[in-house]
Structures are given as structure tokens and as C-alpha cells.
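Worksheet: the structure to be examined is printed underneath.
Number of protein chains: 2
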Amino acid sequence: MVFDTLTRKYICKGLKTDMAQDKKQVEQITDMEVDFAQWYTDVCKKAELIDYSSIKGMFIYRPYGYAIWENIQKELDARFKATGHENVSLPMLIPESLLQKEKDHVEGFAPECAWVTMGGSEKLEERYCIRPTSETLFCEHYKNIIHSWRDLPKLYNQWCSVLRWEKTSRPFLRHREFLWQEGHTMHATEEEAREETKRMLNIYADFLENVLAMPVVKGRKTDKEKFNGAEETYTVECMMHDKKALQAGTSHYFGDGFAKAFDITFTGKDNQLHHPHQTSWGVSTRMIGGLIMTHGDNNGLVLPPRIAPIQVIIIPVAQHKPGVIEANQAVMDRLIKAGFRVKMDDSDQSAGWKFAEYEMKGVPLRLELGPKDIEKNQCVLARRDSGEKSFVSLDGIEETVAAMLDSIHDGLYARAKKNLEDNTYACSSLEEVREKMQERGGFAKTMWCGDEACEIRMKEEAGVTSRCMPLEQEHLGDVCPICGKPAKHMIYWGVAY
Amino acid sequence: MVFDTLTRKYICKGLKTDMAQDKKQVEQITDMEVDFAQWYTDVCKKAELIDYSSIKGMFIYRPYGYAIWENIQKELDARFKATGHENVSLPMLIPESLLQKEKDHVEGFAPECAWVTMGGSEKLEERYCIRPTSETLFCEHYKNIIHSWRDLPKLYNQWCSVLRWEKTSRPFLRHREFLWQEGHTMHATEEEAREETKRMLNIYADFLENVLAMPVVKGRKTDKEKFNGAEETYTVECMMHDKKALQAGTSHYFGDGFAKAFDITFTGKDNQLHHPHQTSWGVSTRMIGGLIMTHGDNNGLVLPPRIAPIQVIIIPVAQHKPGVIEANQAVMDRLIKAGFRVKMDDSDQSAGWKFAEYEMKGVPLRLELGPKDIEKNQCVLARRDSGEKSFVSLDGIEETVAAMLDSIHDGLYARAKKNLEDNTYACSSLEEVREKMQERGGFAKTMWCGDEACEIRMKEEAGVTSRCMPLEQEHLGDVCPICGKPAKHMIYWGVAY
Numbered sequence: 056m057v058f059d060t061l062t063r064k065y066i067c068k069g070l071k072t073d074m075a076q077d078k079k080q081v082e083q084i085t086d087m088e089v090d091f092a093q094w095y096t097d098v099c100k101k102a103e104l105i106d107y108s109s110i111k112g113m114f115i116y117r118p119y120g121y122a123i124w125e126n127i128q129k130e131l132d133a134r135f136k137a138t139g140h141e142n143v144s145l146p147m148l149i150p151e152s153l154l155q156k157e158k159d160h161v162e163g164f165a166p167e168c169a170w171v172t173m174g175g176s177e178k179l180e181e182r183y184c185i186r187p188t189s190e191t192l193f194c195e196h197y198k199n200i201i202h203s204w205r206d207l208p209k210l211y212n213q214w215c216s217v218l219r220w221e222k223t224s225r226p227f228l229r230h231r232e233f234l235w236q237e238g239h240t241m242h243a244t245e246e247e248a249r250e251e252t253k254r255m256l257n258i259y260a261d262f263l264e265n266v267l268a269m270p271v272v273k274g275r276k277t278d279k280e281k282f283n284g285a286e287e288t289y290t291v292e293c294m295m296h297d298k299k300a301l302q303a304g305t306s307h308y309f310g311d312g313f314a315k316a317f318d319i320t321f322t323g324k325d326n327q328l329h330h331p332h333q334t335s336w337g338v339s340t341r342m343i344g345g346l347i348m349t350h351g352d353n354n355g356l357v358l359p360p361r362i363a364p365i366q367v368i369i370i371p372v373a374q375h376k377p378g379v380i381e382a383n384q385a386v387m388d389r390l391i392k393a394g395f396r397v398k399m400d401d402s403d404q405s406a407g408w409k410f411a412e413y414e415m416k417g418v419p420l421r422l423e424l425g426p427k428d429i430e431k432n433q434c435v436l437a438r439r440d441s442g443e444k445s446f447v448s449l450d451g452i453e454e455t456v457a458a459m460l461d462s463i464h465d466g467l468y469a470r471a472k473k474n475l476e477d478n479t480y481a482c483s484s485l486e487e488v489r490e491k492m493q494e495r496g497g498f499a500k501t502m503w504c505g506d507e508a509c510e511i512r513m514k515e516e517a518g519v520t521s522r523c524m525p526l527e528q529e530h531l532g533d534v535c536p537i538c539g540k541p542a543k544h545m546i547y548w549g550v551a552y
Numbered sequence: 056m057v058f059d060t061l062t063r064k065y066i067c068k069g070l071k072t073d074m075a076q077d078k079k080q081v082e083q084i085t086d087m088e089v090d091f092a093q094w095y096t097d098v099c100k101k102a103e104l105i106d107y108s109s110i111k112g113m114f115i116y117r118p119y120g121y122a123i124w125e126n127i128q129k130e131l132d133a134r135f136k137a138t139g140h141e142n143v144s145l146p147m148l149i150p151e152s153l154l155q156k157e158k159d160h161v162e163g164f165a166p167e168c169a170w171v172t173m174g175g176s177e178k179l180e181e182r183y184c185i186r187p188t189s190e191t192l193f194c195e196h197y198k199n200i201i202h203s204w205r206d207l208p209k210l211y212n213q214w215c216s217v218l219r220w221e222k223t224s225r226p227f228l229r230h231r232e233f234l235w236q237e238g239h240t241m242h243a244t245e246e247e248a249r250e251e252t253k254r255m256l257n258i259y260a261d262f263l264e265n266v267l268a269m270p271v272v273k274g275r276k277t278d279k280e281k282f283n284g285a286e287e288t289y290t291v292e293c294m295m296h297d298k299k300a301l302q303a304g305t306s307h308y309f310g311d312g313f314a315k316a317f318d319i320t321f322t323g324k325d326n327q328l329h330h331p332h333q334t335s336w337g338v339s340t341r342m343i344g345g346l347i348m349t350h351g352d353n354n355g356l357v358l359p360p361r362i363a364p365i366q367v368i369i370i371p372v373a374q375h376k377p378g379v380i381e382a383n384q385a386v387m388d389r390l391i392k393a394g395f396r397v398k399m400d401d402s403d404q405s406a407g408w409k410f411a412e413y414e415m416k417g418v419p420l421r422l423e424l425g426p427k428d429i430e431k432n433q434c435v436l437a438r439r440d441s442g443e444k445s446f447v448s449l450d451g452i453e454e455t456v457a458a459m460l461d462s463i464h465d466g467l468y469a470r471a472k473k474n475l476e477d478n479t480y481a482c483s484s485l486e487e488v489r490e491k492m493q494e495r496g497g498f499a500k501t502m503w504c505g506d507e508a509c510e511i512r513m514k515e516e517a518g519v520t521s522r523c524m525p526l527e528q529e530h531l532g533d534v535c536p537i538c539g540k541p542a543k544h545m546i547y548w549g550v551a552y
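Heads up: the sequence lines are chains A and B, in that order. When the count follows our numbering, it moves up by one through the first sequence with no breaks and lands on 552 for the last residue. When the count follows our numbering, it moves up by one through the second sequence with no breaks and lands on 552 for the last residue.
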């Protein structure tokens, strides 16, 4: 189809026809109201974030999906380095005997390890597991390099993939192999290690809210839900569009349990031997699943501007006309110079195809510039979040784009925050939790005595797991609504990914 | 020991005493003339680049070693992206049946695979190898996503670790698990794929010479030495300080062999089905081994400035005196603002300890600034390469540092280039190659008929392998000096890491 795109009106007409032609592509996404799980899988595939491999549960991160991860890495890595952390790389294999050194840890992870038993044509004397997490490897290394108080703290982080032999899988949310970062730190004192645990939780919360536009609930996990081998696990929990919970990041305080199991000691300033205190903390590519389910809509992905691989897609209108490509190129150069991530699509695909393509891919802003616009020194900016289109002057386009991207971020955050707040409610009995969860999902908050027995009853009878004991506690009553004993904590319940 | 560091002379005196105290640390490095292999291992350990793990051949990249790799990644990744490549992440496991699809490939790699045979407590129906390289995985993915000429070229790269179950190991040079990047591309035509193969070879050569200050010989591998499954392998070969060769990077042209084995086809503009043409190319952390053995000396590591994690180490002199730390901080801020990687060491270690420490770590420039200097608006700059010290004005310190870092790069490159040129020589008989290699090492260049039989004889009788047929050919004679038949190529021989 050939456009005559000299008038805005005419473009819109052309566009509609093209959109109809390209409808097939859009139609292949299931509406989220019809089947949220299918909608999610459709978006992952159609936005070209991920592909399946021949091994169940092992996925391919495609360029667009991986580019989101690269931006996440860049943002987080800068925050880690600014707080004194250094990157290292440890082996991917753990000898079985090493994994077994800390009892709780091995009990949790051994059932989901993949085991290497052959090297070349030889059967190995001891089998090795592919790391499901690296506490044991870090401890072995720390034993070699920590001797004196001068060697502390050790603030290490590793970007890598880990492997857990899960039975079920889902793009980004549950992979057998997934990309993540794992921080592992050692400290001279308990106080310093506890501070580190909280510091990293706060870095995750700040990143999720201010970069991914995902509001969080910060809290502590119950003993039942904490990390294998940890004394305490802190978490940031998010609410997805379907009102289920996503644990987006965790930060663990280990005390000196691993240090004792691995015989790690240092000579203090007091000339005595001490065990160091340990933390670990991690986030993974499941955050990408989180942002899809927080911001996406029935037209596809909606990316928060601060993480989007392409922040502005430029689509030349009537690009065959003289001077159009050059004018679009000039705007692109200006925006790139101002620090934005920009792409121009001057391929021979129809405008309709292009509009649908970048809508599906969740690009925050679309900039259209044709001959009429050039005459008037203006362009069209179309927002992915609201669909709103406006004519703006090319003078100060950098400031206009910056303001609009910030406005999109704020809007996405506010909408997600509203979803979280509207769907978090106090309950005063197990029955109320069960009923309300069935009826509307979300987070039910109650008081809790702290006994695991009550937590298990809640799971069995109301179908929810404890999400966390929020750091910001509220007093909802004096007794545990499950057993009637005195309450110790306010706690959130939900159904989690 | 307490310094009175108000006069430069006095500092030097104090320094000497400290240096004596710290001699123990320095003495632990073997002289390279005594035992080059031991010198190398000493540097890797003492400069804190690497540590051993409990699995033979699997190493820990420590923060300083990993920081070099991060800088290598940053430089190369920018070059890859500037030439249109995109990053992806594929699974680490390859089903045995997938690995077997291309005959030459599996024959080469199967003997050195680590095999996963258990997932959790279940024996797997098919065993999986941990990727030794990912051609097969990329082909499986490409079969899914390449359908039309519009889908080409695919220019993918992956940063990851791979595993090869080697019998022997050596830090950076031969690991069972090592970090690398692997580019895998698909093209519509042979011509375009061949261009890509050369383009990437040139990017490696440019990076090695202009960033790592390592001069290269670019050439093509013989059929015997080429990559398993490739039609042609190109290489960049470097000469180490001990005159042995290091293959620093390779770029392979595959033709459509894998595409046929994996049944990858696309519909061309001619509406016919075609097989795409393929390349792959990679460099690894062995480049770090290369730069140690190219530039290091008996005092430790010497890092080329453009890759050094710390380009300038600032050591405050008499730091307890009022204003000294502040003045050093101000200089650091200026240098950081100018884009340099700078660290200030104001710890309570002695100046002697600090000098020895950063010398061992190969930091290109040391900046000393004390009370007398502050008065005179000057500082001392000490070069790691030559040991030369000079007083320079603080006015324009940014330009002075930039010029000195460039001069260090140029000096390191020139010295390595001289080593390469002085130790590359023409030979006209197998005997001459054997004698000269025993006597002086380096690269022997001869003519060659192209027969593998002659290559094998050279290996058996002169103890050398073919390094490459340089792209810049010379005519040294008309016949192969081994068999006397007409010569087809000029070829380099050497002993390789």
C-alpha cells in the first residue's frame, strides 16, 4: 500500500488500513482478561524477548530481552560499585562434599541440582553440581583470603547464571537456568553485616521503584520462607496486574553459621580469632517477568522508560520525499547526543507494521516526522502508556522528550501503586482471608503469633503463603486470627509466582 | 616507621627503608630469567588476579583480575555493537543428540565435554554436556527464527563461560572453565559471511594492538589447526616475552555446512530456498595471560594504560599533615572528572608497602603529593614501565597524565613489536628451523607446499606447530623446504601456549 502522507489526516487513514492488515499480528495476543497466563506467554514471544530451547525449562534470551537485562545490569552494577562492591567470577561447579558442609543449605538445594558425573570419557570420583547458588564456593574462597581484620569487609558480587532443576517452568519467572547477580559479603561484626543486608534491600527497592516503576513492600520472610541456611531473609514483594505476588529480590543475613561450617576465621584488632559475619543478596531476570506483568497491556509490552532498550522510536513519514530521512536523522542525532536511547526505522515496512511492531515492543515514545511537520518545525509524539498523541515543536525537543519520559515513568508507577494499595486489605480471620483472596486476590494483611503451625494452616485452608512481615508494621489487633494467641507481627499473605 | 616527609630527599630515605621491610613480598616473585613459568604463576597470584578452587583447572577470577576482564568486555562490546551486533544468552547445556548433528564438530569437542547425567535425584534420559562452545545451540535457535531474507543477517554475540575438560591447566591460559565471548552470525551470501569473518579478525587485531599494546600477526590456520567444523579459521598470533606464541583470538568461516546439518533455510528475494552462510569468532580471558607475559617484568605486572583498572594511583605523602589529604583528593577529583580511572590510597600502610603493592599490580602511573609539593604547586609522577620519576606542575595535570599514559602505551607496544620482529626469521630447511628454535625460540617462517604430511614432520622433527599463514605473504623461495615440492604459502612456525 502506498501512502500519500502529506496531510496528517491522510496518514491516519493509511494507518488504519495498514493496522487492519497487521491486525493478525496483534490478534495473536490473548487478552489478559481472558487468560492472563496466555497473555503473558504471548507477550514474551511476540515482543521477541525469549525463545524456547530443546531442553525443558532452559530458555534463550533474545536480543530485545537481553538488552533489558543489560540495562538492569548497568544500573545495578553502578549502585553496587558506588557502595564499595567488587565483581568476581567463581567456578560454575560445586563438588558434592563442598555443598554438604552446611546442613540446612544442602537440604534445600540438593533436590534441585543438576549433577556432572563424567569429564570427557572418564567417570568422576566425586560428582559436581552446577551451582544453584554460590554461598559454598564463596566460603571456600573466603577461607583462603581472609586472615586479618585488614582483609574485611569483603564485598563481592558475581553476575552469572545458576541452575535449579525445577519441575515446572515459565519464561523469566521460573527457569532451570537463569541469569542473576549474587552478592556475597563478609564482615568483622554482626552489626556491620546486618547493615549490609538492609543496605542492599534498600538498593533493590530504590531500583525497582525509581527505574522499573514497580512499587514494593519491604519486609522480612518467616522462618518457613527464608533462604536455606540464612538466619534472616529480607524481601521486596511486588504485586502483578493479576494481583499475584512476585518476590523481586532477597537479601540474607547468615550470622557466622557458614563461617563456622567452613572454618573461616580472622585475627581481630584484639589479636583474637573471630568468625566473620556473612550476607548474600540477589536479583534475577525474573524482574523482567515482573515488569511485563506490572505494566503490560493488551497491545503488548509497556516498558518503563528508564530501562527501555529503545526509549524513542523515530518513524519517518513519507520517507521517500526529499529531505525527510535527513530531517529524521537530524532529530535522532540530537536525541542521542542528549543521552537518549533512540532508533529510527526507515525500513521498507509499512507505517502500520512499524506502529504495531513498536507498540508490541513497548517502546515508551514514538516520534513521527513528515514533510508537513518539517515545514512547521514540529513532530508528533505518541505515548505508549496512554496512546495520547501530540504535536510538539522541534525547538527544545530534548527537554520535551525528557519530560514526557519522566511523565510516563511517574504514570506507570502511580498506576502500579494504586493497584497495590487498592488490593491490600486487613483481615481479622482465616475465613475472611480465604473468602477475600478467592474473590479479589491481592495481599491480605493480618496479625500473626509467629508460629509456623498457623502459617501452615493459612496455606492449607486459605491457599495463601506468607509474603513478608513488612518493615513498616501496623497494629491491626492484639491476637493471631488463626490461633487466638498473642500476636507478634503484622504479616502479608498472598498467592505468589 | 614514621616519616618526616617534608623534604623529597627524606622521603626517598624513608622509602628505601620501607622497601627493605617490604622486600619479602617482592622477593616471592621468581625472576622470569630463572623460571618463566614460575614467574608467571607468581604474578597471577601476587597481583591478586586469580585464585585456585578445589576443582582442578577451575579458577577464581579475583576482583583485580575480573576488573581487567570488565574493561576488555567494555571495549570489545562497544566495537561489536558499533558494527551492528546484538547480545543474547543461550543455555549452558547441550543435549548429546544436538552436539552430534555436525560430524567434525562433535569429534573435536566430545572428548573434552563435562556431562550432566542427573537432574535432582533422577537419571536423565539423555545426557547433556556443558557447552564447550555454542555453534550447535545457535544453529538450533537460528532454525526457529530465520525464515526469510528479511531475517538476515543475524549478528549475535554471547558473553559467557564455557567448559572444556582439559588434562592440564594454567591460570588464564588453559582453564577447564573460562570466560569468553562467542559471536555467531548468519548471512544470505558467502561473500557477506567471508567479509564478516575478516571484519571481526580486524576488530580483534585493532583491539589487541591499540588497547592491549600487543602486536599481532594476522593469518589463516592450516586445515590441521583450524576449528572443528570450520571451512577456514583466521587467527591473531602474539609473541610472549619468552618468545612462545599465543593464539589470542580466532574467527571462523563455516560456509553452509552447519546450516545443512541443522536444516536452516530462508526464502531469498528470488523466492527460492537457500541455506545461510555462517561465521563464529571468539576471544577469552587468555588475553589476560597474554598481556601479563607480554608486558610484565621482575617486579610484577605491567598493565597497558588503556585496560588498567587503576590508571593512576595517588599516594599522599605525609598524609597526617594538615591539608595533604584534601590536596590529594582535589587532584583525584580533577583526574576522575577528566575520565581517568584513579584510586587514592590513604590507608595506614607505609609508603614503602604502597609503592611495592601498586608496582606489583602494574598500575601505569603513581602520583605522589606531599606538603612541599603543595607549596610548589607540583607533584611527582612515577612511570611503572621505566621507573622514571619526574616533578610536574599541577597546572594542566590532566593533559600531562594523558600524554604520559599514551607514551607508556606506545612504549609498551614498541618494545613488544621489537621482540616480535627481532625473533621472527626466515629459514630454508627443517634442520634450520629445529636448530634456531632450540637456540632462540620465536617464529620461524618458511615456504610450505600445503600438505599436512610436511606439517606433521615439522612438528615431529623440529618440535613446532604451524601458527598461521600470514595475510601478508612474503616470497621466500619456490619450494617447500620439507618435501621439495612447489611451495604454495609462506607460513609461521612456533611453540605455542
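In this text, a Cβ means the ideal position worked out from N, Cα and C, and glycines have one as well. Fair warning: this is a prediction, and the values are worked out from it, not measured in the lab.
Note to self: Relative to the C-alpha of residue 473 (chain A), which candidate in A:453, A:427 and A:294 has its C-alpha closest?
What the structure shows: A:294
Next item on the list: Please work out which residues of its chain come closer than 6 Å, Cβ to Cβ, to residue 484 (chain A), disregarding the five sequence neighbours upstream and downstream, and give them in chain order.
Entry: 536
Next item on the list: Compare the C-beta of residue 576 (chain A) with all C-beta atoms of chain B and state if any pair is closer than 9 Å.
Entry: There is no way to answer for residue 576 (chain A), as the model of chain A reaches only from 56 to 552.
Notebook entry, point to check: Since residue 351 (chain A) contacts residue 98 (chain A) with CB under 8 Å, what's their CB separation in whole angstroms?
Noted result: 6 Å
Check: Along the region 98-121 of chain A, what residues have a CB closer than 9 Å to any CB found in chain B?
Finding: 103, 106, 107, 108, 109, 110, 113, 114, 115, 116, 117, 118, 119, 120 and 121
Next item on the list: Return yes when the Cβ of residue 361 (chain A) is within less than 9 Å of the Cβ of residue 130 (chain A), no when it is not.
Entry: yes
Item checked: When B:283, B:511 and B:434 are compared against residue 154 (chain B), the one with the closest alpha-carbon -> B:283
Item checked: Bridge partners - residue 170 (chain A), DSSP secondary structure assignment -> In the DSSP output, where bridge partners are listed per residue, residue 170 (chain A) has A:184 and B:173.
Checklist line | residue 546 (chain A), enclosing beta strand (DSSP E) - first and last residue | finding: 544-549
Check: Of the residues A:175, A:512, A:258 and A:326, which one's Cα is nearest the Cα of residue 306 (chain A)?
Finding: A:258
Next item on the list: Anything in chain A within Cβ reach of residue 142 (chain B), meaning under 8 Å, just list it in chain order.
Entry: The contacting residues are 118, 121, 122 and 125.
Note to self: Bridge partners for residue 481 (chain A) per DSSP, in chain order?
What the structure shows: For residue 481 (chain A), which the question treats as bridged, DSSP gives the partners A:500.
Checklist line | Counted within 10 angstroms of its Cβ, other Cβ atoms place residue 278 (chain B) as buried (16 or more) or exposed | finding: So residue 278 (chain B) counts as exposed.
Checklist line | Beta-carbon proximity list for residue 227 (chain B), same chain, < 6 Å, skipping 5 on both sides | finding: 340, 341, 343 and 344
Note to self: Given this structure, state the Cα-to-Cα distance separating residue 524 (chain B) from residue 495 (chain B), to the nearest angstrom.
What the structure shows: Cα atoms of residue 524 (chain B) and residue 495 (chain B): separation of roughly 21 Å, rounded to the nearest angstrom.
Next item on the list: Using the Cα positions of residue 213 (chain A) and residue 501 (chain B), report the straight-line distance between them to the nearest angstrom.
Entry: 47 Å
Check: So, are the CB atoms of residue 367 (chain A) and residue 421 (chain A) less than 9 Å apart?
Finding: It is a contact, given that the beta carbons lie within the stated cut-off.
Checklist line | Beta-carbon proximity list for residue 232 (chain A), same chain, < 6 Å, skipping 5 on both sides | finding: 113, 216 and 218
Notebook entry, point to check: Can you tell me whether DSSP reads residue 332 (chain B) as helix, strand or coil?
Noted result: strand
Item checked: Contact with chain A by residue 259 (chain B), beta-carbon distance below 9 Å -> Cβ-Cβ to chain A under 9 Å: no for residue 259 (chain B).
Check: Who are residue 212 (chain B)'s beta bridge partners in DSSP?
Finding: Bridge partners of residue 212 (chain B): B:142 and B:238.
Check: So which of B:172, B:149 and B:176 has the shortest CA-CA distance to residue 188 (chain B)?
Finding: It is B:149 whose Cα lies nearest to the Cα of residue 188 (chain B).
Notebook entry, point to check: Quick one, are the C-beta atoms of residue 309 (chain B) and residue 243 (chain B) less than 9 Å apart?
Noted result: no
Item checked: Burial state of residue 416 (chain A) (16 or more Cβ within 10 Å) -> buried
Check: Along chain A, in chain order, which residues have C-beta atoms closer than 9 Å to that of residue 168 (chain B)?
Finding: 173, 174 and 175
Margin query: Let me see if you follow: with CB-CB separation under 9 Å, is residue 196 (chain B) close to chain A or not?
Written below: Yes - at least one Cβ of chain A is within 9 Å of the one on residue 196 (chain B).
Checklist line | C-alpha distance - residue 566 (chain A) paired with residue 509 (chain A), whole-angstrom precision | finding: Nothing about residue 566 (chain A) can be read from this structure; chain A reaches only from 56 to 552.
Next item on the list: Check the DSSP bridge columns for residue 302 (chain B) and list the partner residues they point to.
Entry: B:292
Next item on the list: Answer with yes or no whether the minimum CB distance from residue 525 (chain B) to chain A is below 9 Å.
Entry: no
Item checked: Candidates B:193, B:109, B:249 and B:462, of which the one nearest residue 314 (chain B) by Cα -> B:193
Checklist line | For residue 520 (chain A), the residue or residues it bridges with in DSSP | finding: A:549
Note to self: For residue 479 (chain A) and residue 459 (chain A), I'd like the C-alpha separation in whole angstroms.
What the structure shows: 30 Å
Check: Who are the Cβ neighbours of residue 198 (chain B) in its own chain at under 6 Å, not counting the five residues just before and after it?
Finding: 317 and 319
Check: Can you find a CB in chain A that lies within less than 9 Å of the CB of residue 391 (chain B)?
Finding: Judged by the 9 Å Cβ criterion, residue 391 (chain B) is not in contact with chain A.
Next item on the list: Counting only the same chain and skipping the five closest in sequence on each side, list residues whose C-beta sits under 8 Å from that of residue 545 (chain B).
Entry: 500, 501, 502, 503, 524, 525, 528, 529, 530 and 531
Next item on the list: Jot down the residue ranges of each uninterrupted alpha helix (DSSP H) in the region 310-394 of chain A, minimum 4 residues, whole runs only, in chain order.
Entry: Counting only runs that start and end inside the region 310-394 of chain A, the alpha helix (DSSP H) elements of at least 4 residues fall at 312-316, 341-350 and 379-392.
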